[in-house]
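Report on one structure; see the data block that follows.
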Amino acid sequence: MCHFLKQHELVCFLKIFNINTKSSVSFHTNQIISSFKSACNILLRFTNILYSRFIMELHIIPIITFLYVAVMGSHAALTPELYWKEALPNVVMPQSIRNSLSDPEWMDNKATNVNVEKGGVHVSTDGAKRGKTNVNVGPKGGVGVSTGKPNGGHTHVDVGPKGGVGVSTGKPVGGHTDVDVGPKGGVRVSTQKPNKGGSSVGVGKGGVIVKAGPKKKPVYVGVKPGNNPFDYRYAASEAQLIDDPTKALFFLEKDMKPGHKMTIHFTQTTNGATFLPRDEAESLPFSTDKMSEILHEFSVQPGSDQAQLIKETVRGCESKGIQGEQKYCATSLESMVDYAKSTLGNNVEAISTEVKNKVNNKKKYIIGAVRKLKDEINSAVCHKQNYAYAVFYCHKTKGTSPYIVSLIGEDGTKVKAVAICHKNTSGWNPKHLAFQVLNVKPGSVPICHFLPEDHIVWVRN
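So in the working numbering, spot 339 of the sequence shown is number 923, and the numbers just go up one at a time.
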């Protein structure tokens, strides 16, 4: 395809890819393009060249237009991880947030190859663990995109020389997704899963038809309904007083000093909910008056433990906070990042508890060092909730300060724990878990608690 380009355009194109024009027209790098955005920029610039050269070639217009729109759409819809990198380029993402990301479509260990020949253009990204992606532009105008995944999964995008478009994503267990755009304008989308029904969307000349089959039910592991121990409006339930491991996270501020011994239960995270992209999360119902829609959306049986968890999370997000509390529920990573920046400014840091040599039981620890981070004006805390996808209850409370506490277990386990101390607890529910565990009254003494690993404290730098 490149023989249609003028000489200076070809040289410009080669420079975009950093290709030595004095050697063979081939490029290879052992690292994947630094971000999806930069990859989009490269493809966007290439399609701009093609578009300007072939705008009068009627047989090529559908293909170039398809590529141009696809790139522009991808450019606008960043993944949650890429949004973080763009909004917080100098902030390290805590492991707890990484654990809440969906599996990426690519890994770091990849190579990208671009070959420009007389017959067309070939782009290949190869990942050692995730398969590879191929883009082929043939000499007669056909375009093919294929992403291969291990264990048989794959994605194919084909643009025929006559304008038809087909997209197919296959999964190793037999499920698949098909998108077909016919040369005359018809569109069909179909998702199929073995023994689980499917969904289909058809767009014809006369309108749109949507048909949805059964959806996979969210999975909740080892979580029972009960009030959020970090929501201070609620009284502790009997179950929380008996066997809730979070009760061991509460302690008095006077005990937070080097050399003090504590028995703490840092549980392994069982909340495996992952972030949805913001546009998808915002398209889903999230309010108590739409509870039936929410339960139906996730195929949750009304009256079940899962339904109760969902109700408690939504109710907690909607209800009024305690005196002096500014609260916000983030239903996506993008919205949590925006909350932190709008509340604390652009120069922020995210910190979470880190436990090495994890053992899921109570253990005796000794405090090594204590470091205060910021006061309530310059910090906010986000607690992960029990929900079908990742939702964080974020708040700022007057008289609250975050700390980093170094702990060493009796077996050598090392913990970098984030602790939150509340100077004024007079507005808490008198029967809150902390008061009953520590045997103190509201407002009498400062109360602290360690944060579980999947909770985040944001501080202004």
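Here a beta-carbon is modelled for each residue, glycine too, at the ideal position from N, C-alpha and C.
Item to complete: Decide if the segment 997-1016 is in contact with the segment 975-988; the criterion is three or more beta carbon pairs, one per stretch, under 8 angstroms apart.
Response: yes
Discussion item. Nearest by alpha-carbon distance to residue 934: which of 892, 978, 909 is it?
Written reply: 978
Item to complete: Please work out which residues of its chain come closer than 6 angstroms, Cβ to Cβ, to residue 1027, disregarding the five sequence neighbours upstream and downstream, and give them in chain order.
Response: 1009, 1010
Worksheet item: Candidates 962, 990, 893, 1032: which alpha carbon is nearest residue 970's?
Response: 893
Worksheet item: What's the C-alpha gap between residue 903 and residue 995?
Response: 43 angstroms
Discussion item. By DSSP's criteria, residue 1027 is part of a beta bridge. Which residues make up the other side?
Written reply: Residue 1027 pairs with nothing; no bridge assigned.
Fill in: Rounded C-alpha distance that separates residue 846 from residue 834
10 angstroms
Item to complete: Would you kindly work out how many angstroms separate the C-alpha atoms of residue 925 and residue 931, rounded to a whole number?
Response: 8 angstroms
Practice prompt. Please state if the CB of residue 949 and the CB of residue 999 are separated by a distance shorter than 8 angstroms.
Written response: yes
Worksheet item: Under a CB-based cut-off of 8 angstroms, is residue 886 close to chain B?
Response: Looking at the structure shown, chain B is missing, and only one protein chain is on hand.
Worksheet item: Between the segment 953-961 and the segment 879-887, do at least 3 Cβ pairs fall closer than 8 angstroms?
Response: no
Worksheet item: Do residue 686 and residue 1037 come within 8 angstroms of each other at the CB atom, strictly closer than that value?
Response: no
Practice prompt. Sort out for me which residues DSSP pairs residue 852 with in a bridge.
Written response: Residue 852 is not bridged to any residue.
Discussion item. Residues in the same chain with beta-carbon distance under 6 angstroms from residue 1017, minus the five sequence neighbours each way, listed in chain order, please.
Written reply: 813, 820, 824, 831
Practice prompt. Quick one: grab the DSSP three-state call for residue 667.
Written response: helix
Practice prompt. Determine the contact status of residue 1033 and residue 1004, defining contact as a CB-CB distance below 8 angstroms.
Written response: yes
Item to complete: Drop a sphere of 10 angstroms on the beta-carbon of residue 873, count the other beta-carbons inside from all chains shown, and report buried for 16 or more, exposed for fewer.
Response: exposed
Worksheet item: Between residue 1001 and residue 851, what straight-line distance do the alpha-carbon atoms span, to the nearest angstrom?
Response: 13 angstroms
Worksheet item: When burial is assigned at 16 or more other CB atoms within 10 Å of the CB, is residue 676 buried or exposed?
Response: exposed
Worksheet item: Just the Cα atoms here: how many angstroms apart are residue 665 and residue 899?
Response: 28 angstroms
Worksheet item: When you compare only the Cα positions, how much space is there between residue 915 and residue 1041?
Response: 17 angstroms
Practice prompt. Give the range of the beta strand (DSSP E) segment to which residue 991 is assigned.
Written response: 984-993
Discussion item. Measuring straight from C-alpha to C-alpha, what distance separates residue 928 and residue 921?
Written reply: 11 angstroms
Discussion item. Need the endpoints of the beta strand (DSSP E) that residue 981 sits in, please.
Written reply: 976-981
Worksheet item: Roughly how many angstroms lie between the CA atoms of residue 841 and residue 990, to the nearest whole one?
Response: 10 angstroms
Worksheet item: Do you know whose CA, among 937, 992, 963, 662, lies nearest residue 844's CA?
Response: 992
Worksheet item: So which of 1021, 918, 958 has the shortest CA-CA distance to residue 667?
Response: 918
Worksheet item: Could you give the distance in angstroms between the alpha-carbon of residue 868 and the alpha-carbon of residue 1029?
Response: 42 angstroms
Discussion item. So residue 678 and residue 936 are supposed to be a Cβ contact under 8 angstroms. How far apart are they, rounded?
Written reply: 4 angstroms
Worksheet item: Hey, how far is the Cα of residue 1020 from the Cα of residue 905?
Response: 21 angstroms
Worksheet item: According to DSSP, which residues form a beta bridge with residue 1042?
Response: 934, 964
Discussion item. By the three-class DSSP mapping on this structure, what secondary structure does residue 693 have?
Written reply: Residue confidence for residue 693 is low, a pLDDT of 41 falling below 50, so the modelled location carries little weight; the figure read from the coordinates is stated next. Coil at residue 693, not helix or strand.
Item to complete: Could you pull the start and end residues of the beta strand (DSSP E) that residue 1020 belongs to?
Response: That residue, residue 1020, is in no beta strand (DSSP E); its alpha helix (DSSP H) goes 1017-1022.
Worksheet item: Whose C-beta lies closer than 6 angstroms to the C-beta of residue 911 among residues of the same chain, with five residues either side of it excluded?
Response: 905, 979
Item to complete: Enumerate in chain order the residues of its own chain whose CB-to-CB distance from residue 1025 is below 8 angstroms, with the five nearest sequence positions on each side excluded.
Response: 1014, 1019
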